[in-house]
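Numbering (the numbering used here), first residue to last: 15 to 226.
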């Protein structure tokens, strides 16, 4: 979910910045944040120092762009697979399945491991990741839930509930995948987790307000 304040890029401009981001992802995952230099990223991307400074300012800015790119990638995947849902249960279950599959991809998990490993020495990495990744996930799901006529909660309430759903959804898979790189749950395991979480949160969303 990109920030609205960013200027619109030309096609070539987008290609240049995306090449920088892709090169940065590869370098960060291979060498870590501290050992990755801007020169390494420039050389790998085939771009220029002026392009890097103009769009990203510094290495920290480039890392933030990497996180935003990751989030955009996750939600693009989710949006492409989203159908028109008539119930909260359907939306939650479908969102959950697409989200978890994208979350558990090697590149995504690699960035999570990188943030955890480097945040001790570079606290701003953890801060940037926390501000961009979980919060935008909650907001996106809340926006989708808000479109359903059967749900009467306001956006802030939905954002709070969306956070519970996403964190509950990750419970059985995320930590295992984080510390065991070759761990891969089956689609059936993911579906069962999504169904259970959708049932719990869906029931809450549809409770009469007086019962809450």
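Each residue gets a CB set at the ideal place from its N, CA and C atoms; glycine is no exception.
DSSP state of residue 196 mapped onto helix, strand, coil: coil
Going by beta-carbon coordinates alone, are residue 156 and residue 131 separated by less than 8 Å? no
Quick one, which of 68, 75 and 60 has its alpha-carbon nearest residue 228's? With the chain covering 15 to 226 only, the question about residue 228 has no answer from this structure.
Alpha carbon to alpha carbon, how far is residue 172 from residue 213? Give it in angstroms, no decimals. 16 Å
Helix, strand or coil at residue 28 [DSSP, three-state]: Reduced to three states, the DSSP call for residue 28 is helix.
Roughly how many angstroms lie between the CA atoms of residue 17 and residue 119, to the nearest whole one? With a pLDDT of only 44 at residue 17, under the threshold of 50, the placement of this residue in the model should not be trusted; the figure read from the coordinates follows. So the alpha carbons of these two residues sit roughly 24 Å apart.
How long is the line joining the alpha carbons of residue 111 and residue 159, rounded to whole angstroms? 16 Å
Please name the residue in 24, 49 and 65 whose C-alpha comes closest to that of residue 35. 65
Proximal residues to residue 219 (C-beta, below 6 Å), its chain only, five neighbours per side dropped: 102 and 165
Tell me the DSSP secondary structure of residue 80 in three-state form. helix
So what does DSSP say about residue 168, is it helix, strand or coil? coil
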